[in-house]
Amino acid sequence: MSELRTTEALLYLDGLEKSFDGFKAINGLSFSMKAGELRAVIGPNGAGKTTMMDMITGKTRPDKGDALWDGRIDLTTQDEADTARLGIGRKFQKPTVFETHTVEDNLLMALKDERSVLATLFSRTSDAQRERIGELLALVRLEDRRGDLAANLSHGQKQWLEIGMLLAQDPQLLLVDEPAAGMTDEETMRTAELLKGIAGKHAVVVVEHDMAFVKALGCRVTVLHQGTVIAEGSIDHVSANERVIEVYLGR
Amino acid sequence: MKLSRRQMMAAMGAGAVGATASGRYAFAQSDTIKVGVLHSLSGTMAISETTLKDVMLMLIEQQNAKGGLLGKKLEPVVVDPASDWPLFAEKARELISVSKVSAVFGCWTSVSRKSVLPVFEELNSLLFYPVQYEGEESQRNVFYTGAAPNQQAIPAVDYLKEQGVERWVLAGTDYVYPRTTNKILEQYLKDSGVAAEDIMINYTPFGHSDWQTIVGDIKSFGSAGKKTAVVSTINGDANVPFYKELGNQGVKATDIPVVAFSVGEEELAGIDTAPLVGHLAAWNYFMSADTPENEAFIAEWHKFTKNDKRVTNDPMEAHYIGFNMWVKAVEAAGTTDPDAVIDSIVGVTAPNLTGGVSAMMPNHHITKPVLIGEIQDNGQFDIVYETPGLVAGDAWSDFLPESKPLIADWRSPMKCGNFNTVTGKCGGAG
Amino acid sequence: MILRALDTRSAIFLGVLFILAVAVPFLNQAMTPGSAAHLPSFAVSLLGKYLCYALLAVALDLVWGYCGILSLGHGAFFALGGYAMGMHLMREIGDRGVYANPLLPDFMVFLNWKELPWFWHGFDMFWFAMIMVFLAPGALAFLFGWFAFRSRVTGVYLSIITQALTYALMLAFFRNEMGFGGNNGLTDFKDVLGFDLQSDATRCGLFVATVAALAFGFVLCRIITTSKAGKVLVAVRDAESRTRFLGYRVEGFKLFVFVVSAMLAGLAGALYTPQVGIINPSEFSPANSIEIVIWVALGGRGSLVGAAIGAVLVSLAKTLLTGWFPELWLFALGGLFVLATLFLPRGVLGAVEGIKLRRSRPAREPAPQPAE
Amino acid sequence: MALAPLACLPFARLARLASLCIALLCAATSAQAETRDIIARLANAKFPVVKQVIEDLAAAGDPTVAPFLRKLRAGKVYWRKSDRAVFIAEREKRDYALFDPITGAKVDQVGRRAAKKVRVNNAIRSAIDAALAGLTLSSPKVETRLAAAKQLFADRDASALPALTAALAREKDPTVKTAFEDARAAILATSTAATPSERVKAIARLGERGGSDSLNALSAVDAKAPADVLAAKESAIAEIKRSLAVWGAAENIWQGVSLGSVLLLAAIGLAITFGVMGVINMAHGELVMLGAYTTFAVQEVIRVSAPALFDVSLLIAAPLAFLVAGGVGVAIERGVCRFLYGRPLETLLATWGVSLILQQLVRSIFGPNNREVGNPSWMSGAFELGEMTITYNRLWILIFALAVFALLLGLMKRTPLGLQMRAVTQNRAMAADMGVRTGWVDAMTFGLGAGVAGLAGVALSQIDNVSPNLGQSYIVDSFMVVVFGGAGNLWGALAGAFTLGVANKFLEPYAGAVLGKILVLVFIILFIQKRPRGLFAIRGRAVES
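Protein chains in written order, with the numbering used here: chain Z, 16 to 266; chain V, 706 to 1135; chain L, 5 to 376; chain D, 4 to 548.
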């Protein structure tokens, strides 16, 4: 491992491999991100996008390869809770919020705080926390739904609440899986704005199918196919790549 | 004031319990003597106990036809303790303190008896317990009309020894009756010169259904050149698959006879007995007993159940004897008051169904003949041996070191269930 | 913290418990037997038993209703607590057993045991037994939970292995070699802390202790469920992996409530044993554990008061039906379970709420139309 | 009798022959009279007298008495109270028909109380077996001679030796000859009258023959025998024990496989309802019970109306049991479960209620007692494979279990219904969009699982109690099998059942039945920690989300 990489990259994946029942979902994947960077990951179905996220967050262990966080921590030995505590936040493809909790409680539970059983047992919500929740609600435009059950939100609102929860964690890296799925065009554009706003302070990886959305993000794009990176660069650069065209149009 | 208290009770949820109580009191007004029947009608034990409930109803009906007791009609109170042991205690309490029964006929398993015992002691009522059991007990309020180990197990072993058996398998379900019986038998066999390696003891769980290994073991244990027999204290449901496996693996009674203490006519009703002919059981009664009393009893039973295929068995006879003894004791005492009945019942005699007259002993066990029967292909037993006289039930076995010095006598002046003859004190080893 | 935990419904519940604790001994002790107001001793024990079941149901509701862990083996923890208490009561008998052996319980004497097994030592002291009441079920729950939750055994799989757990324990306790009295279990208790178990006063005392334990268990569960940890539990129930990705160690939370719940179940068992006078391996039977689940479901899963009510209702129904229709009561009970699950999906308490809601709604807004 | 040739013989010779015949007949009659005298002693005889009678009959050596002895063994011999004459009796309604003990001709019919049974016990039966063996050594039937040899082997009665030796000299059939020689060896080995060299040779023969009955005979060699005899005995016993140990392991496997087949049958229906549909059907055991009771009902009908069909009763019962249990299953699904999809735990509660109702229903209809379900002749008894005893009922159950498994597998993989079932399982909404009637498929799937439970009931009726509690005793084990094997996979149920069966049977000899079962349960608990979704889990991303 070279000195250069360890100092520069927030997330560094090298030569990852993973197979399920003989099917190679990830095959020699290498990928790295700097702090504060915004990155889009695209690729056809089954390219290994979600599995890559699973490996970063400790949900799936790679068969082979390195995954380093901040140049020092081996991600392959961490589980989901560990990676979350390291500062990796993840949004699922399907919006997952706590439906029987209020919007406020959803955010409260996500706020950066002690996570142990005892601490939560005796914790009381401070004014600062309440204020922070207020800010987040404003950011995701859910101020007037503060006391409602999350189950009663619309699909798009749930997506935003989930992003709000990610931000509440104050992570160094956000992994966002298809945030625009099921959104109206207007909502999609607003979401792109939101993510762009977040980047810089946090590193963001966006997995997306929607090319318009990716274009709106205007960032570096990584193209995955059959568990490996086949192109990387600006959106114009990769859309000119022959391999990418073949993969997207060839089937 | 009174109203508000009632409301309060209702609010507490105790109201419903009170309602049962008052519902029962309403019945209690009428001029009857109540008899409690405490047998499981559901759950695992229903298979054995339901019949005993029926026989109690029949006996009470017959007594009423004869004019009742002390000029009053008898009224059965049937409850279902549902094979749930703590529920037995609860139901016993309900029978005695809510339904105000004069005596209770019930229980089958040892644990159900153990569960209700403190209740009968505390509320001072009477329990007639009709099933063969492990002994080691004599309680003032309980009358043991089934066999103690010396009224079943030991005569059976004696019979087999006479038949030339030299090697013994003691197979049982893992609970207190087989454990105690086998302890007693082991000691008894060793005392009579059987070597330790000629005794094999095996325990299986309740409801054991896969007997391949054990039947195989019995076969190989039996191939040591000596006549071998199995003494089975296997309980209830487990017997059917056991006998089916025996039959199919070709263990014939002429090679390795099995003598069982828990297999009666009821249990055999569920098995094709043709391959089992010659296997044995030891009881104090068999349906095949050739006496006029028995013939009449069976006829009544068929009439009562409107089914001439129903069989009779040993615990039914125990209830028959116990009920008649209670009736006689109540008549002698002139009251159903438990204390008076406890005093008057010792020495009371009642005919049993095998031609003898059983008597209630001071230790609250009764005298019974011991019969050995061989299974026939029609599901009945052919009596091949009968003790010359009646055998008195022994509450405390002579073959267990700790219980050897104990005796029970509930007459004045001793009035003790565990009198130690060595120390001369009531209350065990002192 | 305690105040925050108690809403109106909890207050009413605790109020009812308090009234019970005062009224039951009063009606039993101060009223003359036979008068209409007298509460028979039989009813005192019965109510005591129901409340033990209620505490058990509350304990199960904590793990199932709030954390989504459906334990089909909670009877095991209950029974372990019961056995711990039973062992103490056996030792209390001392030389008053039938063989008057000062050290060995009767069942050991006639099965020819020469020495007290090591695990029976210490139970002659009440405080030790009380520690074991919590420790034995707690330790088992910890051990089991430690493995199961870390391996992420969830849902039906978890339910079935909890069933395997209690089934294995049942078979083990049935074995006479184990030294727990085999099938007969522990019985013939004489007194507790010097009080005669057959006296009505002791019975009332035990009843009050049960009410206190139920109140304690209830408040404890309320504190847990209304804290932030309680919110995390519900989060685990509804979206386990989301909770993980927020950085919560789900297994830690599960383990915590599982152990707390097991201990409460043990406490319920410890109070149950002296009141019914026997503890035996059938308490471990899988059917018993399923029945606990049914109490909770019937009363209203996710509502502690509902769980308690469900336990009392079903037990009461069983008591009444086994007396009223000894041969048909299983039809009634079985039918009750089927109908309740079909028509009261949120339990009795949920149904009551539903009716309230329906009554109040038309006044304010038109009834909601079903989605097109 | 050859009467026809007699007619053409000259008169004188005929007369001579006739007198000879009469003489012979007289001799026969006098022998018969002697036999009759012996038999007459059976009237009101105590056991020792009966035994003596049998021994005397055996000593008289009249083979025509064999059928009578068989009747005596079966308890069919009675004596008439009026004149203490002994007969073979058959029950005819309320009376007894009496037959002559030797000729078998019907002679009388008397009331039930006018005749009394000659009672027999095990000792008498053994004596009869020994006597029959001696009397049938020269029977024309090979099987009878073989049975006689086997009996002599087991009895080792030295007094039978001369007759046996004579029979051996006459014997032509090689199998019977071997059997006779074995029996002779068993007698010689244990006989103190034989010379040491004879005994050593006999013992060696037994050692080579092997088997637990040889072991039995060898163990009976008295400890006071000469040293060389004892040495031969020890080495022969050691040899047999070695081979028995090997066979013991094979027997363990067989018993494990057999237990596994029972578990498989009980669990496979659950693998469908629970594994495929996700319904926790607590009433599964009761559906098994219904199958068993259907078998009982079929046999009852057959007993009353067509006893000849008894041997095929199970073949009739199997489809009926499938329909009955399946029908009840469909009713449960349509009446209860379909309202509860997506709430698997609620189905647990509701089906628990259903199970209580079914139990009580059966108890009310059939009574709480065990019901007798007979084994057809082809499922009774056992055969020996080497030193293993394989019972026919267990063998057939294994075959049945595998057949049911194969049928189900075929159904799931190859039929439109199977396809639709899998489609609904994998994606209900999409299947519905594609025109699959999901409700109908649900009902059919549940009905199929329930029907298979009914089939299991037919098989279980052959080895276990038929009582209202039948189902309860299998439900926990069935769940263990399905969870251990991996829900949703028929192969998992197969592997799970056989693994648990064999594991159980290997543990049982060492740990005992109770502890063995506990260990298996603990093993399952630990195994699930390692593989939280069982042995044959469907892995991959799709399942986890």
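Ideal placement from N, C-alpha and C gives every residue a C-beta, glycine not left out.
Quick caveat: nothing in here was measured; it's all calculated off a predicted structure.
Report the rounded CA-to-CA distance for residue i versus residue j, giving the unit in angstroms.
{"i": "L/Asp11", "j": "D/Phe277", "result": "40 Å"}
{"i": "L/Ile73", "j": "V/Trp916", "result": "37 Å"}
{"i": "L/Glu331", "j": "V/Arg818", "result": "21 Å"}
{"i": "V/Asp863", "j": "V/Tyr1090", "result": "11 Å"}
{"i": "D/Val232", "j": "D/Ser217", "result": "15 Å"}
{"i": "V/Pro1043", "j": "V/Met1065", "result": "16 Å"}
{"i": "Z/Ala255", "j": "L/Pro349", "result": "58 Å"}
{"i": "L/Phe335", "j": "D/Leu359", "result": "7 Å"}
Who are residue i's beta bridge partners in DSSP?
{"i": "D/Trp82", "result": "D/Val89 and D/Lys119"}
{"i": "D/Asp111", "result": "D/Leu101"}
{"i": "V/Glu1091", "result": "V/Leu1076"}
{"i": "V/Leu875", "result": "V/Ile906 and V/Val936"}
{"i": "Z/Thr4", "result": "Outside the modelled stretch of chain Z, which goes from 16 to 266, sits residue 4 of chain Z, for which no answer is possible."}
{"i": "Z/Ala5", "result": "With chain Z running from 16 to 266 in the structure shown, residue 5 of chain Z is simply not present."}
{"i": "Z/Ser47", "result": "Z/Tyr27"}
{"i": "V/Tyr834", "result": "V/Tyr849"}
Kindly say whether residue i, judged by its beta-carbon, lies nearer than 8 Å to any beta-carbon of chain L.
{"i": "Z/Met124", "result": "yes"}
{"i": "Z/His116", "result": "yes"}
What residue range does the beta strand (DSSP E) around residue i cover?
{"i": "Z/Gly325", "result": "Given that chain Z is displayed from residue 16 to residue 266, the structure contains no residue 325 of chain Z and the question cannot be resolved."}
{"i": "V/Ser1121", "result": "It should be pointed out that residue 1121 of chain V corresponds to Cys in this sequence rather than to Ser. Its beta strand (DSSP E) spans residues Cys1121 to Asn1125."}
For chain Z, check one thing: does any of its Cβ atoms lie closer than 8 Å to the Cβ of residue i?
{"i": "L/Asp242", "result": "yes"}
{"i": "L/Ile73", "result": "no"}
{"i": "L/Gly256", "result": "yes"}
Give the C-beta separation of residue i and residue j to the nearest angstrom, bearing in mind that I take them to be a contact with Cβ-Cβ under 8 Å.
{"i": "D/Val260", "j": "D/Leu401", "result": "7 Å"}
{"i": "D/Leu209", "j": "D/Ala189", "result": "6 Å"}
{"i": "Z/Leu190", "j": "Z/Ile103", "result": "7 Å"}
{"i": "D/Ala274", "j": "D/Val461", "result": "Between D/Val461 and D/Ala274 the Cβ distance is about 18 Å, and since that is not below 8 Å, they are no contact."}
{"i": "D/Gly137", "j": "D/Ala157", "result": "D/Gly137 to D/Ala157, Cβ: 13 Å. No contact."}
{"i": "Z/Val238", "j": "Z/Gly58", "result": "6 Å"}
{"i": "D/Val123", "j": "D/Arg73", "result": "Contact doesn't hold; Cβ gap of about 12 Å is too wide."}
Examine chain A for any beta-carbon lying closer than 8 Å to the beta-carbon of residue i, and answer yes or no.
{"i": "L/Gly126", "result": "Of the chains in the structure shown, none is chain A; the protein chains are Z, V, L and D."}
Please check if any C-beta of chain D sits within less than 8 Å of the C-beta of residue i.
{"i": "L/Tyr276", "result": "no"}
{"i": "V/Ser925", "result": "yes"}
{"i": "V/Asp759", "result": "no"}
Along the alpha helix (DSSP H) that carries residue i, what are the first and last residues, could you check?
{"i": "L/Pro278", "result": "Val254 to Val280"}
{"i": "D/Leu359", "result": "Pro347 to Phe369"}
{"i": "D/Leu221", "result": "Ser215 to Ser222"}
{"i": "D/Ile531", "result": "Leu493 to Lys533"}
{"i": "V/Lys796", "result": "Trp790 to Arg798"}
{"i": "L/Thr214", "result": "Asp204 to Thr230"}
Between residue i and chain V, is any beta-carbon pair separated by less than 8 Å?
{"i": "D/Gln363", "result": "yes"}
{"i": "L/Leu84", "result": "no"}
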